[in-house]
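Participant:
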Amino acid sequence: MAFLQKIKSIDASMRLLVPKKVSEDDMLVDYGAKLVDRSLAILENLHGKEMKDTVLECYELAGAFCADSRNEEKLQQLSSLLNNLDAGDSIVVASSFSHMLNLENLAEEVQIAHRRPANKKGNIGDENSALTESDLDQTFQRLVKKLKKSPEEIFEALKNQTVDLVFTAHPTQSVRRSLLQKHSRIRNCLSQMYQKDITAEEKQELDEALQREIQAAFRTDEIRRSQPTPQDEMRAGMSYFHETIWNGLPKFLRRVDTALKAIGVNKRLPHNVPLIQFSSWMGGDRDGNPRVTPDMTRDVCLLARLMAANLYYSQIEDLMFELSMWRCSDELRQRVAVLEAQPKKESKHYIEFWKQIPPSEPFRVLLGDMRDKLYNTREWMRQLLANGKSDVNRDNTFTEKSQILEPLELCYRSLCETGDKPIADGSLLDFMRRVSCFGLSLVRLDIRQESDRHTDVMDTITNYLGIGSYRDWSEEQRQDWLLSELRGKRPLFGPGMPTSEEVKDVLDTFRVVAELPADCFGAYVISMATAPSDVLAVELLQRECRIPTPLRVVPLFEKLADLESAPASLSRLFSIDWYLNRINGKQEVMIGYSDSGKDAGRLSAAWQMFKAQENLLKVAKHYGVRLTMFHGRGGTVGRGGGPTHLAILSQPPDTINGSLRVTIQGEVIEQSFGEEHLCFRTLQRFTAATLEHGMHPPIAPKPEWRDLMDSMAVVATDEYRSVVFKNPRFVEYFRMATPELEYGRMNIGSRPSRRKPSGGIESLRAIPWIFAWTQTRFHLPVWLGLGAALKRALEDNPSNFNTLYRMYDQWPFFRVTIDLMEMVFAKGDPRIAQLYDDLLVADELKSLGIELRQKYNETKEHLLKVARHTEILQGNPTLKQRLRLREPYITALNVQQAFTLKKMREQHSQLTQPDSPKPTKPAAELVTLNPTTEFAPGLEDTMILTMKGIAAGIQNTG
Numbered sequence: 005m006a007f008l009q010k011i012k013s014i015d016a017s018m019r020l021l022v023p024k025k026v027s028e029d030d031m032l033v034d035y036g037a038k039l040v041d042r043s044l045a046i047l048e049n050l051h052g053k054e055m056k057d058t059v060l061e062c063y064e065l066a067g068a069f070c071a072d073s074r075n076e077e078k079l080q081q082l083s084s085l086l087n088n089l090d091a092g093d094s095i096v097v098a099s100s101f102s103h104m105l106n107l108e109n110l111a112e113e114v115q116i117a118h119r120r121p122a123n124k125k126g127n128i129g130d131e132n133s134a135l136t137e138s139d140l141d142q143t144f145q146r147l148v149k150k151l152k153k154s155p156e157e158i159f160e161a162l163k164n165q166t167v168d169l170v171f172t173a174h175p176t177q178s179v180r181r182s183l184l185q186k187h188s189r190i191r192n193c194l195s196q197m198y199q200k201d202i203t204a205e206e207k208q209e210l211d212e213a214l215q216r217e218i219q220a221a222f223r224t225d226e227i228r229r230s231q232p233t234p235q236d237e238m239r240a241g242m243s244y245f246h247e248t249i250w251n252g253l254p255k256f257l258r259r260v261d262t263a264l265k266a267i268g269v270n271k272r273l274p275h276n277v278p279l280i281q282f283s284s285w286m287g288g289d290r291d292g293n294p295r296v297t298p299d300m301t302r303d304v305c306l307l308a309r310l311m312a313a314n315l316y317y318s319q320i321e322d323l324m325f326e327l328s329m330w331r332c333s334d335e336l337r338q339r340v341a342v343l344e345a346q347p348k349k350e351s352k353h354y355i356e357f358w359k360q361i362p363p364s365e366p367f368r369v370l371l372g373d374m375r376d377k378l379y380n381t382r383e384w385m386r387q388l389l390a391n392g393k394s395d396v397n398r399d400n401t402f403t404e405k406s407q408i409l410e411p412l413e414l415c416y417r418s419l420c421e422t423g424d425k426p427i428a429d430g431s432l433l434d435f436m437r438r439v440s441c442f443g444l445s446l447v448r449l450d451i452r453q454e455s456d457r458h459t460d461v462m463d464t465i466t467n468y469l470g471i472g473s474y475r476d477w478s479e480e481q482r483q484d485w486l487l488s489e490l491r492g493k494r495p496l497f498g499p500g501m502p503t504s505e506e507v508k509d510v511l512d513t514f515r516v517v518a519e520l521p522a523d524c525f526g527a528y529v530i531s532m533a534t535a536p537s538d539v540l541a542v543e544l545l546q547r548e549c550r551i552p553t554p555l556r557v558v559p560l561f562e563k564l565a566d567l568e569s570a571p572a573s574l575s576r577l578f579s580i581d582w583y584l585n586r587i588n589g590k591q592e593v594m595i596g597y598s599d600s601g602k603d604a605g606r607l608s609a610a611w612q613m614f615k616a617q618e619n620l621l622k623v624a625k626h627y628g629v630r631l632t633m634f635h636g637r638g639g640t641v642g643r644g645g646g647p648t649h650l651a652i653l654s655q656p657p658d659t660i661n662g663s664l665r666v667t668i669q670g671e672v673i674e675q676s677f678g679e680e681h682l683c684f685r686t687l688q689r690f691t692a693a694t695l696e697h698g699m700h701p702p703i704a705p706k707p708e709w710r711d712l713m714d715s716m717a718v719v720a721t722d723e724y725r726s727v728v729f730k731n732p733r734f735v736e737y738f739r740m741a742t743p744e745l746e747y748g749r750m751n752i753g754s755r756p757s758r759r760k761p762s763g764g765i766e767s768l769r770a771i772p773w774i775f776a777w778t779q780t781r782f783h784l785p786v787w788l789g790l791g792a793a794l795k796r797a798l799e800d801n802p803s804n805f806n807t808l809y810r811m812y813d814q815w816p817f818f819r820v821t822i823d824l825m826e827m828v829f830a831k832g833d834p835r836i837a838q839l840y841d842d843l844l845v846a847d848e849l850k851s852l853g854i855e856l857r858q859k860y861n862e863t864k865e866h867l868l869k870v871a872r873h874t875e876i877l878q879g880n881p882t883l884k885q886r887l888r889l890r891e892p893y894i895t896a897l898n899v900q901q902a903f904t905l906k907k908m909r910e911q912h913s914q915l916t917q918p919d920s921p922k923p924t925k926p927a928a929e930l931v932t933l934n935p936t937t938e939f940a941p942g943l944e945d946t947m948i949l950t951m952k953g954i955a956a957g958i959q960n961t962g
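Mapping to our numbering: the sequence shown position 130 is 134, numbers consecutive.
#1: Go through its chain and collect everything with a Cβ distance to residue 260's Cβ below 8 Å, but skip five positions before and after it.
#2: Hey, quick one: how far does the alpha helix (DSSP H) through residue 199 stretch, first residue to last?
#3: Give me the Cα-Cα distance between residue 572 and residue 726, rounded to the nearest whole angstrom.
#4: Which residues in the same chain have their Cβ closer than 6 Å to the Cβ of residue 148, if we skip the five residues on either side of it in sequence?
#5: What residue from 951, 584, 454, 942 has the CA that sits closest to residue 780's CA?
#6: Is the beta carbon of residue 33 closer than 8 Å to that of residue 889?
#7: For the region 676-688 and the region 788-801, state whether three or more C-beta atom pairs, one from each stretch, are separated by less than 8 Å.
#8: Could you check the C-alpha separation between residue 50 and residue 879 for me, to the nearest Å?
#9: Would you mind reading off the limits of the alpha helix (DSSP H) that contains residue 372?
#10: Which whole-angstrom value is the C-beta distance of residue 497 and residue 551, which I expect to be below 8 Å?
#11: Curious, which full-length alpha helix (DSSP H) runs of at least 4 residues does the region 253-283 contain?
#12: Could you tell me which residues DSSP pairs with residue 635 in its beta bridges?
#13: Can you tell which of 865, 882, 883 has the C-alpha that lies nearest to the C-alpha of residue 875?
#14: Is residue 456 near residue 281, with beta carbons less than 8 Å apart?
#15: For the putative contact between residue 424 and residue 329, defined by C-beta atoms under 8 Å, what is the C-beta separation to the nearest angstrom?
#16: What distance in whole Å lies between the Cβ atoms of residue 495 and residue 548, which are believed to be in contact at a cut-off of 8 Å?
#17: Tell me which residue opens and which closes the alpha helix (DSSP H) that residue 970 is part of.
#18: May I ask you to report which of helix, strand or coil DSSP gives residue 125?
#19: Going by DSSP, what residues sit across from residue 531 in a beta bridge?
#20: Relative to the C-alpha of residue 863, which residue among 390, 197, 607, 905 is closest?
#21: Relative to the C-alpha of residue 290, which residue among 173, 195, 35 is closest?
#22: Straight-line CA distance for residue 733 to residue 404?
#23: On the CB-based measure, 16 or more other CB atoms within 10 Å of its CB, does residue 223 come out buried or exposed?
#24: My output table needs one value for residue 233: the three-state DSSP class, helix, strand or coil.
#25: Identify, in the order they occur along the chain, each residue of the same chain with its Cβ nearer than 7 Å to the Cβ of residue 183, setting aside the five sequence neighbours on each side.
#26: Once DSSP output is grouped into helix, strand and coil, what is the label at residue 295?
#27: Just to check my reading of the structure: residue 1 and residue 832 have Cβ atoms closer than 8 Å, yes? What is that Cβ distance to the nearest angstrom?
#28: Considering Cα atoms alone, identify which of 73, 165, 247, 144 is closest to residue 665.
#29: Quick check on the DSSP output: the alpha helix (DSSP H) that includes residue 711 runs from which residue to which?
#30: Given 8 Å as the limit, is there contact between the region 435-443 and the region 503-513, that is, 3 or more CB pairs closer than that?
#31: In terms of DSSP beta bridges, what is residue 590 paired with?
#32: Given a cut-off of 8 Å, decide if residue 600 and residue 625 are closer than it, judged by their beta-carbon atoms.
#33: Determine, using beta carbons only, whether residue 369 and residue 410 come nearer to each other than 8 Å.
#34: Answer with buried or exposed for residue 303, where buried requires no fewer than 16 other C-beta atoms within 10 angstroms of its C-beta.
#35: Taking the DSSP output, what are the residues bridged to residue 556?
#36: Please find out if some non-hydrogen atom of the ligand FMN comes closer than 7 Å to the beta-carbon of residue 113.
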């Protein structure tokens, strides 16, 4: 391939960027070269040979700089080349590298799909290695042979296991949906091209299709020109259900059956086992997002139900073609006789349809009745969405999941009774499993709101009643009043109570929950929860707004202090008889990885969450309550991201116990469910790891390990906060040295980047906080504090070396923590961070950057000592290969971004001066794809394209 030959022809240092194969079936370099080769051909065709040569020259200079840490001359040449591009060329170069990094992602996904399973343990950071992913067969075999679990024990554990994957619309998916669809077709073409039985003609046709799709991607604007609405986010999230999850779920459950059969379990999992569940925050998460209104929540729920009805309607028609047999049970024949005796009051279309069904095809009669009702259900939802009302007769619609399942179960029983069980276990079983999983709502919507908003509502009520200010009451006073009202029956207020817009919004949300079917909703999550009154207030509001089936209330503990006090808060809550009777022995608690990491750094936050889970479990056991932990994980390590399998297996013993909820956020949704094979692997990872954690819990940390972690966490927290919160000029430095201020221009998500318009790090959401440091390849929130903690531990007691070695070798939590840090250092580059400092940071603040880069290097040195590695990713050639292939693209974009930011900020400074001259260029010269920008042509688009490209290359936007 031309591109592969080109990069192999460069000097010796450059050839280091083409790593050797890591296995016999390693095709990553070939896949990537094929895609990039087509990209360069398209680039030349669209923009000329000179532009293609410019892109290649940038790649070569960046690659030479990456390969030799001392090669500053190449960085200077690259800087000069990129800085002197005109506006149009700058956009093309940034867009080219951004597209190429997205294509590298596709190459990796195809590689993952078609490589043989590893025969030996892999390494952290490679989500698809043996260590980070056990398939079901391996897990079952290991449990039976090594851990002596009986097949029946495994079967029963699976029957009682639930993994609930919660899709969230956090603003971290930087790729537009239209491009994701083109990427999917590119991925399919590449997969088919490398199949062994493909003919030369087919390969030629696929190559042409590949070129068409890549060119279509190049011709598509990567930049969102307007901010998405919550409905847009919901539609994007729900698209994964009809594109991959709808077919992927039954295939996965069949694989579970096959794996069970391999260990001697000769029965299938029942169709109604809640092994995998799906929920959503899209349109329900109103914490700090004013665009998620009560009407928005109603529309999102109705839209999801419409999507479900559409999917079931299509499925039932397919099933009618399949179940054409005449033999059936007496039970089914009696039901059909009743249906046939009923007058048909529907449209002429349906009367004609019923006439076409022969009396000798009873299954079709029953399924035809279901199709009628699904049609009406779909119409009912469509009219409600369009007009707010519907004239469809509700008696001839489905309103509950059980109404769809019951006739399908009747068909299943009939087929089994008449000797057709193999037919019953085909599409019919798949359909029943889908209905059991998705219900009529497709996903259950969680509602999330900040605790302080509920306090505002309660304060309004108590002032209206003339009994004082709820906000001024102590926790004991709040609890006493809330409980007295919960035990009573009087209404608290009527329609005449004056409310602010914020209070009305909260109350109207509860009223929407009361109006819609109960199966639309899952949990009510309270962010920034600190006390029992936060939970009791929501319970009272649910009662006051007459919600027929109250949502389970889930406190979310986020900051370090809240995590520390969470067990005591839960204990106080469980000591209330009314509440203990209300929850019926079940409680869900959410822990937040994002804000805890922003509050204290990754090491301290991870350790505090570990201890909080242990202590919360002790409290729950004391009160006889089964606890479900809801993990609010993001995509990056700084927000709880990392390989799924190890993330689960590193949790404290007994804290999962067959019940797990976890968020799937932003770009992680595409990485997990973008294709059916990715969907299958995702479901397999969660299921296998949850089962293994429950049946073979990880070891608990030894007392000396706890003591060392406690002391290290104190040092890490102090170091982190001394920089982030106590240095008076850190915020100023942060905003100069990173593109944090420019983040909002990307229009990634519907939610503002700050909880409050003004404020420092405290008000900044964790996503843009992490995003900004990821863009500069410095990753400060992840490693800051770790180096100081390790240094102090080794200085205080030399024997701690051996203790840390044992912790790394024997304790999954510590191993995962250290290895994830190593993965982050593999993606980092302090030389790039220094470039941003040199160009963007005021002279009087540059010393802070020098100090931080010194801490970075010291942390890296101590990390390698603990891992006993001489270089980063020493034991992970797969990830090292992937990162080495990406690095030249990312580095070129980093350099381009840094210089673009410099130009934008200089121009902004000039424009904001009182007497600054306005642009005098002719209007034609100011025309860009973004005509509303206040900057010179091309600047803002170039900056956004570099942000998107770097995000694609690092594979983490937040």
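Glycine included, C-beta positions come from ideal geometry on N, C-alpha and C.
Facilitator: Let's see:
#1: Along the sequence shown, one-based indexing puts residue 260 at 256. For residue 260, where only same-chain residues beyond five positions count, the Cβ hits under 8 Å are 140, 162, 273, 279, 691.
#2: Within the sequence shown, the letter at position 195 stands for residue 199. Premise fails: residue 199 is in no alpha helix (DSSP H) and is neither H nor E.
#3: Position 568 of the sequence shown holds residue 572. Position 722 of the sequence shown holds residue 726. Spanning the two alpha carbons is a distance of roughly 28 Å.
#4: In the sequence shown, counting from the first residue as 1, residue 148 sits at position 144. Around residue 148: 267.
#5: Here residue 780 refers to the residue found at position 776 of the sequence shown. Comparing Cα positions, the closest option is 951.
#6: Here residue 889 is taken as the residue at index 885 of the sequence shown, counted from 1. Here residue 33 is taken as the residue at index 29 of the sequence shown, counted from 1. Cβ atoms of residue 889 and residue 33: closer than 8 Å.
#7: The region 676-688, when compared against the region 788-801, does not touch it at the 8 Å Cβ threshold.
#8: Here residue 50 refers to the residue found at position 46 when the sequence shown is read from its first residue. Here residue 879 refers to the residue found at position 875 when the sequence shown is read from its first residue. Spanning the alpha carbons of residue 50 and residue 879 requires a straight line of approximately 43 Å.
#9: Taking the first residue of the sequence shown as 1, we reach residue 372 at position 368. It spans 366-391 - the alpha helix (DSSP H) in which residue 372 sits, taken as one unbroken run.
#10: Taking the sequence shown and counting its residues from 1, the one referred to as residue 497 is at position 493. Taking the sequence shown and counting its residues from 1, the one referred to as residue 551 is at position 547. Not confirmed; about 16 Å, so no contact.
#11: Taking only runs of at least 4 residues, no alpha helix (DSSP H) segment lies wholly in the region 253-283.
#12: Against the sequence shown, residue 635 aligns to sequence position 631. Residue 635 is bridged to 595, 666.
#13: As a position in the sequence shown, residue 875 is number 871, starting the count at 1. Nearest of 865, 882, 883 to residue 875, Cα basis: 865.
#14: Walking along the sequence shown from the start, residue 456 turns up at place 452. Walking along the sequence shown from the start, residue 281 turns up at place 277. At the C-beta level, residue 456 and residue 281 stay beyond 8 Å of one another.
#15: Position 420 of the sequence shown, counted from the start, is the residue given in the question as residue 424. Position 325 of the sequence shown, counted from the start, is the residue given in the question as residue 329. Contact holds; Cβ gap of about 7 Å.
#16: Your numbering for residue 548 matches position 544 in the sequence shown. Your numbering for residue 495 matches position 491 in the sequence shown. Indeed, because the Cβ distance is near 7 Å, the residues count as touching under 8 Å.
#17: Since the first residue of the chain shown is 5 and the last is 962, residue 970 is not available in this structure.
#18: Stepping through the sequence shown from its first residue, residue 125 is reached at position 121. Confidence at residue 125 is low in this model, with a pLDDT of 41, below 50, so the placement of that residue should be treated as unreliable; the coordinate-derived value is given next. Residue state, collapsed to three classes: coil.
#19: Start at 1 with the first residue of the sequence shown, and residue 531 comes out as number 527. Its beta-bridge partners are 454.
#20: Taking the sequence shown and counting its residues from 1, one reaches residue 863 at position 859. Nearest of 390, 197, 607, 905 to residue 863, Cα basis: 607.
#21: Against the sequence shown, residue 290 aligns to sequence position 286. The shortest Cα separation from residue 290 among 173, 195, 35 belongs to 173.
#22: For the purposes of this step, residue 733 is taken as the residue at position 729 of the sequence shown. For the purposes of this step, residue 404 is taken as the residue at position 400 of the sequence shown. When rounded, the separation of the alpha-carbon atoms in residue 733 and residue 404 is 58 Å.
#23: Counting from one through the sequence shown, the residue named residue 223 turns up at place 219. Exposed is the label assigned to residue 223, since fewer than 16 other Cβ atoms lie within 10 Å of its Cβ.
#24: Reading the sequence shown from its first residue, position 229 is the one you call residue 233. Correct three-state label for residue 233: coil.
#25: Walking along the sequence shown from the start, residue 183 turns up at place 179. Within the same chain, and ignoring the five residues on either side of residue 183 in sequence, the residues whose Cβ sits closer than 7 Å to its Cβ are 221, 224, 226.
#26: On the sequence shown, residue 295 is found 291 positions in, with the first residue counted as 1. Three-state result, residue 295: coil.
#27: Because the chain spans 5 through 962 in this model, residue 1 falls outside it and cannot be assessed.
#28: Here residue 665 is taken as the residue at index 661 of the sequence shown, counted from 1. Residue 165 is the option with its Cα nearest to residue 665.
#29: On the sequence shown, residue 711 is found 707 positions in, with the first residue counted as 1. Start and end: 707-728.
#30: Not touching, per the Cβ criterion.
#31: In the sequence shown, the residue the question calls residue 590 occupies position 586. Per DSSP, 630.
#32: Locating residue 625 in the sequence shown gives position 621, where the first residue counts as 1. Locating residue 600 in the sequence shown gives position 596, where the first residue counts as 1. Their beta carbons are not under 8 Å apart, which means residue 625 does not touch residue 600 by this criterion.
#33: Taking the sequence shown and counting its residues from 1, the one referred to as residue 369 is at position 365. Taking the sequence shown and counting its residues from 1, the one referred to as residue 410 is at position 406. Not in contact: residue 369 and residue 410 (Cβ atoms no closer than 8 Å).
#34: As a working mapping, residue 303 is identified with position 299 in the sequence shown. Residue 303 comes out buried.
#35: Counting from 1 along the sequence shown, the entry for residue 556 is found at position 552. Looking at the DSSP assignment, residue 556 forms a beta bridge with 527.
#36: With respect to the ligand FMN, the structure offers nothing, as it holds no ligand at all.
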